[in-house]
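Right, one structure below, let's go through it.
There are 2 protein chains.
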Amino acid sequence: MKIAVDAMGGDHAPQAIVEGVALAQNDFPDVEFVLYGKESEIKKYLTTENNITIVHTDEKINSDDEPVKAIRRKKNASMVLAAQAVKNGEADAVFSAGNTGALLAAGLFIVGRIKNIERPGLMSTLPVVGNPESGFDMLDLGANAENKPEHLLQYGILGSFYARKVRGIGRPRVALLNNGTEETKGSELTKKAFELLQNETSLNFIGNVEARELLNGVADVVVTDGFTGNAVLKSIEGTAMNLMDLLKTAILNEGFKGKMGAMLLKDGLRSLKAEMYYSKHGGAVLFGLKAPVIKTHGATVPEAVRQTIKQIHTMLETNVVGQLVEQFGKNAE
Amino acid sequence: MKIAVDAMGGDHAPQAIVEGVALAQNDFPDVEFVLYGKESEIKKYLTTENNITIVHTDEKINSDDEPVKAIRRKKNASMVLAAQAVKNGEADAVFSAGNTGALLAAGLFIVGRIKNIERPGLMSTLPVVGNPESGFDMLDLGANAENKPEHLLQYGILGSFYARKVRGIGRPRVALLNNGTEETKGSELTKKAFELLQNETSLNFIGNVEARELLNGVADVVVTDGFTGNAVLKSIEGTAMNLMDLLKTAILNEGFKGKMGAMLLKDGLRSLKAEMYYSKHGGAVLFGLKAPVIKTHGATVPEAVRQTIKQIHTMLETNVVGQLVEQFGKNAE
């Protein structure tokens, strides 16, 4: 299998990306990596050339570029070339830590949608707090600014597929994010989506969940529209970051006592931080495309790159996308 | 001024409510309290009868009652009687810690909307993390399952009014919650709302904000639809609760070392908890009604009741609702 890597995307590129690829190359000798970006920069951090090819380009997409314009105008950007390689059948998946909007655009316009999937969704496996082995897949986290009930039904099917094939969950519990748990709750969108999800017999639909319960592991797959998903994800991130800062301030304000206390709690605080900031489940998938297109955080570290490559490896090994193509082709016959 | 108190609402009623009223009665000798509920129960916790009247009723609305049905059928419920008292001009405001949906229904159907305000919104002053004196007013937090752009404009006006009159902020910065900060971002709803807010010259509209930035104090008033507002509020609450639990577990897992560490950090951890759980800004206002209708958390403690009474006192003193009635009456002429 061959992974096209945008080596220039993210705050710490190319160093973090290249170092992460080197770790992953060691884990997965069956993967060939093609790194797109500035050759001289990439080579600075490359410790091995096993299964690694560099395709040089000077152009890249910046974090503040307007996504669709950037994709159309910067034809030789590292991200665009990586997506193009997948389109041309020269690679099996795209990895990037760059501009999320641009990667979504590259995914939709270059890699392309699976037939009969109307609106691919951005999906992440989010952590269940207190249980690092566990997680839940949520989509759409913001690929779309709004969705129809039919899209939410497709997200249920997509998420359930991913949870089964990639995460190995036998019969994933699929839930709808709503403003109350009762069946009658919701907006026009969620009421109709509830009906569609309930009538889809292939799903183990468990009904509505509220945002307060998400991190408790109430479901394996959580379905929502892109606007709400985006707001919820950013609320969780913002609250967690603010609380960690507050905790740090509380420790500093205690002076020497605080330092002593923090030292005694070192391991506990470290595991707290690890649980918050670092996902062993990999990056965000733009799911519903003809190939895996995966985004990891802009501030990514090599270990996170490695975990995301692991995720891509599982997606390719299980052929989850190929199975989706078959499934949705069948549905429409 | 006279406040109608639903003494039977909330998890710790009537004790927490009655004890909180006693504290507030001491702060505000100009307030008369009418407590609706089981007289014998209320009297158990009543240490003073200064400015306090009890109106006995055996009926109450439970937390799992279906809101609209409960309001219609339980004509003598403590919450219904309190709302009725305001409608009849026997009291100036309603306070409850009970069933939120039922209080919204009682507010809309018994107290009634201000003329020309289409959809009253649920508004809270949420904390700015790291700055306990500061906060921002956000609405709608879930009074409505969906909203039109015109409602969001009204929320901007309502929130700005509250921030000026009740919180004493000279020229409140009003922002729209959106899925990106750029002007062109958003759903159909937020794009139209953006235009309306920008054209409303009476507002100091500062544009879009993202959910990640909310707790940083980027705005004084944040406007959103009820579905998103509900999801965001619950995401913030859920994340904060989960992180505090995780911190507790981290401390316990360290055994003796953890206990020592936590002891050294005691004051810091206490202030962290205080900042998270306890709002000095009071409860949630169903704003846009003919009188203040205020909800405090079901798990409320006497000190929170006191702060919420303080908030109601300011709302009555500044006559913010009376001024809204005048303002919206004028708008429609």
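Keeping their order, the protein sequence lines are chains A and B.
Everything in the first sequence is counted per our numbering, starting at 1 for the first residue and increasing by one.
Everything in the second sequence is counted per our numbering, starting at 334 for the first residue and increasing by one.
Glycine included, every Cβ here is placed at the ideal spot set by N, Cα and C.
| field | Near-chain A residues of the region 559–576 of chain B (beta-carbon distance less than 7 Å), N- to C-terminal order | value | 560, 561, 563, 564, 565, 567, 568, 569, 570, 571, 572, 573, 575 and 576
| message | Within a Cβ cutoff of 7 Å, which residues of the same chain sit near residue 635(B), ignoring the five residues on either side of it in sequence? | response | 349, 352, 353 and 356
| query | For residue 464(B), which residues of its own chain have a beta-carbon under 8 Å away from its beta-carbon, when the five flanking residues on both sides are left out? | reply | 550
| query | What residues from chain A crowd round residue 520(B), counting only those whose CB sits closer than 7 Å? | reply | 145, 146 and 227
| Cβ pair residue 654(B), residue 444(B) closer than 7 Å | Taking 7 Å as the cut-off, the Cβ atoms of residue 654(B) and residue 444(B) do not count as close.
| Through-space distance from residue 378(B) to residue 666(B), alpha-carbon basis | Bear in mind that the predicted position of residue 666(B) carries a pLDDT of just 49, short of 50, making it too unreliable to give a figure here.
| query | Taking the alpha carbon of residue 176(A) as the point to measure from, which residue in 124(A), 193(A), 328(A) and 94(A) has its own alpha carbon closest? | reply | Closest option to residue 176(A), judged by alpha-carbon separation, among 124(A), 193(A), 328(A) and 94(A): 193(A).
| query | If we cut at 7 Å on Cβ distances, does residue 179(A) have a partner in chain B? | reply | yes
| query | In the structure shown, what three-state DSSP assignment does residue 510(B) receive? | reply | In this structure, residue 510(B) counts as strand in the three-state DSSP scheme.
| said: Closer than 7 Å between beta carbons: that is the criterion. Which residues of the region 404–429 of chain B meet it against chain A? | reply: Contacts with chain A (Cβ-Cβ distance below 7 Å) from the region 404–429 of chain B involve no residue at all.
| query | Going along chain B, which residues have a C-beta under 8 Å from residue 264(A)? | reply | 587, 590, 591, 593, 594 and 597
| field | Uninterrupted alpha helix (DSSP H) stretches inside the region 505–558 of chain B (no shorter than 4 residues) | value | 521–532
| field | Test item: CB-CB of residue 296(A) and residue 308(A) under 7 Å | value | yes
| query | In its own chain, which residues sit with a C-beta less than 6 Å from the C-beta of residue 489(B), not counting the 5 before and 5 after it? | reply | Around residue 489(B): 507, 530, 536 and 556.
| query | Among all the DSSP beta bridges, which residues are the ones paired with residue 614(B)? | reply | In the DSSP assignment, residue 614(B) forms no beta bridge with any residue.
| said: Is there a Cβ of chain B sitting closer than 7 Å to that of residue 210(A), yes or no? | reply: yes
| Alpha carbon to alpha carbon, how far is residue 426(B) from residue 457(B)? | Residue 457(B) has its alpha-carbon roughly 17 Å from the corresponding atom of residue 426(B).
| request: Provide the residue span of the alpha helix (DSSP H) that contains residue 302(A), from first to last. | output: Residues 302–317.
| request: Using a Cβ cut-off of 9 Å, pull out every chain A residue sitting near residue 344(B), in sequence order please. | output: Near residue 344(B) there are no residues of chain A at all, since even the closest Cβ is about 16 Å away, more than 9 Å.
| message | Once the 5 residues before and after residue 262(A) are set aside, which same chain residues still bring their CB inside 6 Å of it? | response | 251
| Simplified DSSP state of residue 165(A), which is helix, strand or coil | helix
| Looking only at DSSP bridge pairs, what is residue 113(A) linked to? | 289(A)
| said: I want to verify the contact list: residues of chain B whose CB lies under 9 Å from the CB of residue 336(A), in sequence order. | reply: Because chain A here runs from 1 to 333, residue 336(A) falls outside it and cannot be looked at.
| How should residue 29(A) be labelled, buried or exposed, when 16 other C-beta atoms within 10 angstroms of its C-beta is the threshold for buried? | exposed
| In terms of residue numbering, what span does the beta strand (DSSP E) encompassing residue 2(A) cover? | Where residue 2(A) is concerned, the enclosing beta strand (DSSP E) stretches over 2–6.
| Residue interval of the beta strand (DSSP E) (run including residue 365(B)) | Annotation: the continuous beta strand (DSSP E) that includes residue 365(B) extends over 365–370.
| message | Am I right that residue 335(A) and residue 137(A) are in contact with their C-beta atoms under 8 Å? What's the rounded C-beta distance? | response | Given that chain A is displayed from residue 1 to residue 333, the structure contains no residue 335(A) and the question cannot be resolved.
| message | Let me make sure I understand the geometry here. Which of 140(A), 280(A) and 134(A) has the alpha-carbon closest to that of residue 169(A)? | response | 134(A)
| field | Start and end residues, beta strand (DSSP E) containing residue 428(B) | value | 426–429
| field | Among 37(A), 42(A) and 52(A), the one whose alpha carbon lies nearest that of residue 25(A) | value | Nearest C-alpha to residue 25(A): 52(A).
| request: Please go through the same chain and pick out, in chain order, the residues whose beta-carbon is closer than 8 Å to the beta-carbon of residue 512(B), but skip the five residues on each side of it. | output: Apart from sequence neighbours up to five positions away, the residues of its chain that approach residue 512(B) with a beta-carbon distance below 8 Å are 518, 519, 520, 523 and 543, ordered along the chain.
| Buried/exposed call for residue 587(B), threshold 16 Cβ in 10 Å | buried
| task | List the endpoints of the continuous beta strand (DSSP E) containing residue 137(A). | result | 135–139
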